[in-house]
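Below is one structure, written out as structure tokens; the observations come after it.
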Amino acid sequence: MSNEIEAIKDPGLPAHVHRRADTDPKAAKKAERQVAILFLLSALGTVTLIGSYIFIPQDVFFYFPVLGNTNAHQLFLGLGMAASLFFIGMGAIHWAKTLMPDEEVIIQRHEFRSPDEDRAEFIKTVKEGAAAAGLGRRSLIKRSLGLSLGLVGLSPLILLGDLGPLPGDELSKTSWKAGTRLVTDPGDRPIRAEDLEVGAVAQTLPEIEPGAHRALSDIGKDAVLLIRLRPEEFNLDAERLSWTYEGIIAFSKICSHMGCAVALYEQQTKHLLCPCHQSTFDVTRAAKVIFGPSARPLPQLAITVDSEGYLVAQSPFNEPVGPSFWERSS
Amino acid sequence: MTAREKIAGSVANYVDERTGAAKWMKKNLTKVFPDHWSFLLGEIALYSFVILLLSGTFLTFWFDPSQREVIYEGAYAPLEGLKMSAAYASTLHISFEVRGGLLMRQIHHWAALIFMAAIVVHLMRVYFTGAFRKPREFNWIIGVGLLTLGIVEGFLGYSLPDDLLSGTGIRIAEAIIQALPLVGSYLAFFAFGGAFPGEAFIPRIYTVHVLLLPGAFLALITVHLMLVWYQKHTQYPGPGRTEKNVVGYPLMPVYMAKAGGFFFIVFGVTAFLGAVASINPIWLYGPYTPGQISAGSQPDWYMGWLDGLVRMSPPLESHFFGHTVSWNILIPGLIVPGILFTGMALYPFIESWITGDKREHHLLDRPRNVPNRTALGVMSLTFMLVALINGGNDIIATTFDLTINQIMWFSRIGILILPPLAFVITKRLCLSLQRADRDLVLHGRETGRLVMMEHGEFVEVHEPISAEKAWLLTQHEQNPALALEESDLRGVRRPGVLKNKLRARMSKAHAVAVPKATAADLKEIEHH
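Protein chains in written order, with my numbering: chain A, 104 to 433; chain B, 29 to 556.
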């Protein structure tokens with residue numbers, strides 16, 4: 104390098120400056136006392152911890168500024184523990200900084216590259232080893248070993264097969280059938296149209312036999328939101344309008360983007376919003392996506408009432424609910 | 029010889045006669061480490077990991093990793109009688125009935141946040157100072173691996189309590205798996221043991237969280253540290269520091285006391301946070317059920333950028349031949365993060381290809397002296413920051429009285445425009461700082477003292493800087509760009525012309541610099 108010759112010179116390591124504790128025994132004594140005080144503070148912390156564990160009941164709360172309503176047991180336990188640890192550290196570092204040698208030491212680095220003769224010998228060893236095993240000559244062994252090693256990798260994959268069932272049509276179907284009653288969640292009460300006022304929203308599930316177990320996996324597909332508008336507020340085609348009942352419209356509550364519960368309904372704008380990624384659906388236009396990352400409207404459940412006046416499904420969902428997957432056709 | 033020395037001597041003798049450790053110990057106990065505050069960042073990550081192991085072990089004694097449905101009958105009255113998983117109920121038990129349980133839970137969660145933050149800041153330190161250069165490329169890759177595993181481990185950890193918030197996160201993870209072309213629904217059913225949520229994932233992610241990943245962490249951290257040890261630590265440039273030496277303090281006793289003490293400080297601070305700062309109050313969220321959610325759902329911060337990318341994605345989905353591909357999930361959830369992390373892992377090799385520099389480096393760069401690298405780093409951080417901001421768009425919207433739409437559009441446009449802008453600005457700033465360094469060496473420090481000359485002119489007195497400072501500002505190399513001929517001596521075009529052209533261009537951009545001050549420059553000025 105041309106400018107390397109005329110570069111500014113390295114003045115070398117600056118002269119060492121002694122600390123007060125290095126030269127003044129009084130200062131050293133003082134530093135020693137400071138270190139000891141820090142260690143004693145740690146001991147005090149442990150005493151606090153033990154005391155809090157034994158003497159402070161777990162259900163005592165008190166108001167502490169900034170923290171708000173605070174559990175005394177957990178606060179003092181924690182503060183004691185924090186102090187017991189923190190001051191050991193402070194003591195050790197203060198000790199190192201004031202009393203242990205602070206003169207900088209220089210050691211040399213060595214290049215990582217091995218000397219040429221070592222490298223040559225290494226290559227020779229590998230070559231000789233490979234030749235001794237006859238890996239190059241015995242191609243039958245080489246190939247059969249390759250085959251068996253390749254196949255052996257399959258066994259863990261095979262053995263993990265029982266991790267889960269195959270999806271089948273599980274992702275495409277829900278518990279809703281023609282005539283299934285919509286019941287409140289929670290409460291499991293069937294709903295009449297007049298139970299819902301205009302502007303109201305209700306979370307519902309399909310009715311199950313009394314006492315039957317409702318699996319979370321079912322709720323994850325079956326959850327349906329009911330929203331009641333004035334019928335003239337809809338902007339739907341004839342078919343979709345026939346899926347509503349007296350202004351009540353039903354959508355899958357499981358977001359068509361990533362499956363979160365679409366739980367936020369804004370009454371003024373009649374928009375449904377998913378709190379996870381803010382996909383926004385227009386209720387008046389069959390949950391059309393008007394904002395956010397979702398690419399599909401929420402599936403609409405066709406509803407009507409049965410002979411007793413309770414809301415029921417006209418038919419199952421006509422498309423899979425929830426997030427997209429490879430086998431989904433639309 | 030005192031009695032104590034005698035005992036120590038005989039213990040050392042006993043061990044050495046059986047292991048021959050004395051030679052190794054003698055060498056390594058006096059090993060020298062350079063001193064700088066930024067070298068503590070990796071230490072914080074290491075210590076947080078130890079804290080995570082300790083507090084995590086405590087939690088396993090009471091945590092019941094099961095989705096078995098139970099009726100809650102514990103100390104927390106508002107959830108009395110509710111159906112929930114045993115995992116959630118046992119987390120409530122730890123929080124309200126086990127003495128010190130809530131403290132440990134909060135220490136564990138805070139330690140995880142600090143662990144990830146320390147890894148990220150440590151990574152920034154290593155990147156911006158060029159510590160990843162030869163011979164430390166392996167350790168860089170291990171570091172990227174640790175960062176990636178840390179994100180996964182953290183996510184699994186906060187999913188274990190099976191509360192409403194974490195269940196929502198798992199639901200999103202399931203949707204990402206399900207979105208994979210061809211195998212998505214199969215993988216999702218295998219992972220969850222059937223349809224989401226099923227009853228298998230808590231026990232499964234528990235095994236991964238407390239056994240598989242901690243095992244991987246231990247192995248990787250061990251190799252990471254062994255390499256640091258063996259290759260010796262890098263050092264910042266300065267007087268007396270060269271590529272061939274290490275200037276610092278010996279392990280015994282200074283670093284044992286300092287590093288050991290620092291562990292206790294990190295633990296103490298984490299315990300303090302666990303004592304006073306409530307984190308993840310799962311009892312407020314309620315048990316998970318797929319039909320419910322709380323507004324303002326937020327992941328932990330190290331996942332926030334990923335969530336932000338997903339939120340800002342345009343609604344793209346392709347349908348063909350009866351199949352669906354969700355670009356709105358695949359691009360932000362897998363493709364973009366995949367490109368970012370692969371690029372990050374390969375960066376040491378990319379840079380050495382651009383500069384053609386195959387030498388060992390042990391002296392760190394000052395970030396301003398490598399403008400291209402620094403600018404690229406700031407560009408990446410800007411990208412992440414915009415994504416992170418968008419990950420909290422709902423919180424920001426309610427806090428600052430904005431609409432989500434405004435923030436979303438800011439992010440969608442900003443993520444394309446702001447990173448390149450950050451690149452240009454950073455590069456300019458670096459060059460300006462180089463110019464300032466040059467001026468400082470040549471003209472000295474402004475003293476603020478004004479002197480009136482005989483003819484009435486005011487001038488400010490400049491004071492020459494110390495030889496140490498002048499060395500620091502001029503010690504760096506300024507290498508010319510690679511000269512890659514397009515054709516050989518006979519005028520025949522070389523193979524791979526396009527690749528060479530790209531390389532030459534990048535090399536040129538990389539070599540842009542303000543010429544550093546030289547002794548000759550100084551002399552010339554003195555003559556004036």
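Even glycine gets a Cβ: it sits at the ideal position worked out from N, Cα and C.
Taking the C-alpha atoms as reference points, what is the distance between residue 193 of chain A and residue 142 of chain A?
8 Å
Between which two residues does the alpha helix (DSSP H) harbouring residue 121 of chain B extend?
114 to 124
Quick check on this structure: which residue in A/415, A/410 and A/398 has the alpha carbon closest to the alpha carbon of residue 427 of chain A?
A/398
At the level of alpha carbons, what is the spacing between residue 217 of chain B and residue 432 of chain B?
34 Å
Proximity test, Cβ basis, 8 Å: residue 465 of chain B and chain A:
no
Skipping 5 residues on each side, what residues in its chain have a beta carbon closer than 8 Å to that of residue 414 of chain B?
336, 439, 442, 443, 446 and 447
Any chance you could list the alpha helix (DSSP H) runs of at least 4 consecutive residues sitting entirely within the region 191 to 233 of chain B, in chain order?
192 to 206 and 212 to 220
Can residue 363 of chain A and residue 200 of chain B be called in contact, C-beta distance under 8 Å?
yes
Extent of the continuous beta strand (DSSP E) run through residue 355 of chain A:
351 to 355
Is the beta carbon of residue 381 of chain B closer than 8 Å to that of residue 120 of chain B?
no
To which residues of the same chain is residue 106 of chain A closer than 7 Å at the C-beta, ignoring the five residues directly before and after it?
No answer about residue 106 of chain A holds up, because its pLDDT of 45 lies below 50 and its placement is not dependable.
Cutoff 6 Å; reference residue 365 of chain A; Cβ partners in own chain excluding five residues on either side
356, 358, 375 and 377
Spell out whether any CB of chain A is found under 8 Å from the CB atom of residue 54 of chain B.
The beta carbon of residue 54 of chain B does not come within 8 Å of any beta carbon belonging to chain A, so the residue lies off that interface.
Consider the Cβ of residue 119 of chain B: report whether some Cβ of chain A lies at a distance smaller than 8 Å.
no
Around the Cβ of residue 108 of chain B, are there at least 16 other Cβ atoms within 10 angstroms (buried) or fewer (exposed)?
Classification of residue 108 of chain B: exposed, given that the 10 Å Cβ count is below 16.
Own chain residues within Cβ distance below 8 Å of residue 361 of chain B, not counting five before or after
204, 207, 334, 337 and 338
Neighbouring residues, chain A, relative to residue 300 of chain B (Cβ below 8 Å)
181, 182, 185 and 189
Within 8 Å of any Cβ in chain A, is that where the Cβ of residue 318 of chain B sits?
yes
Cβ separation of residue 429 of chain A and residue 351 of chain B, assumed to be a contact under 8 Å, to the nearest whole Å
6 Å
By the 8 Å beta-carbon criterion, what residues does the region 206 to 221 of chain B contribute toward chain A?
206, 207, 208, 209, 210, 211, 212, 213, 214, 216, 217, 218, 219, 220 and 221
For residue 429 of chain B, count the other beta carbons within 10 Å of its own beta carbon; 16 or more makes it buried, fewer makes it exposed. Which is it?
By the neighbour-count definition (other C-beta atoms within 10 Å, threshold 16), residue 429 of chain B is an exposed residue.
Terminal residues of the beta strand (DSSP E) in which residue 416 of chain A lies
414 to 416
Does the beta carbon of residue 254 of chain B sit closer than 8 Å to a beta carbon anywhere in chain A?
no
If you measure beta-carbon to beta-carbon, which residues of the region 185 to 207 of chain B are closer than 8 Å to chain A?
196, 199, 200, 202, 203, 204, 206 and 207
Is there contact here, the region 287 to 300 of chain B with the region 156 to 166 of chain B, by at least three beta-carbon pairs under 8 Å?
no
Contact list for residue 396 of chain A against chain B, beta-carbon separation under 9 Å:
338, 339, 340, 341, 342, 343, 344, 356, 357 and 360
How big is the Cα-Cα spacing for residue 104 of chain A and residue 461 of chain B?
Note that residue 104 of chain A scores 41 on pLDDT, short of 50, meaning its location in the model is unreliable; the coordinates nonetheless yield the value given after this. Here the alpha carbon of residue 104 of chain A sits roughly 23 Å from the alpha carbon of residue 461 of chain B.
By the three-class DSSP mapping on this structure, what secondary structure does residue 43 of chain B have?
helix
In angstroms, rounded to a whole number, what distance separates the CA positions of residue 197 of chain B and residue 182 of chain A?
If I take the Cα positions, the gap works out to 32 Å.
Of all the CB atoms in chain B, is at least one closer than 8 Å to the CB of residue 198 of chain A?
yes
Do residue 210 of chain A and residue 60 of chain B have their beta-carbon atoms positioned less than 8 Å apart in this structure?
yes
Who are residue 385 of chain A's beta bridge partners in DSSP?
A/374 and A/391
Using a Cβ cut-off of 8 Å (strictly closer), state whether residue 333 of chain A contacts chain B.
No, because no Cβ of chain B sits closer than 8 Å to the Cβ of residue 333 of chain A.
Suppose you measure from the CA of residue 115 of chain A to the CA of residue 397 of chain B; what does that come to, to the nearest Å?
Between the C-alpha atoms of residue 115 of chain A and residue 397 of chain B there is a straight-line separation of about 22 Å.
What first and last residue would you give for the beta strand (DSSP E) that runs through residue 407 of chain A?
Residue 407 of chain A: member of the beta strand (DSSP E) spanning 406 to 408, first to last residue.
If you draw a straight line from the C-alpha of residue 306 of chain B to the C-alpha of residue 179 of chain A, how long is it?
14 Å
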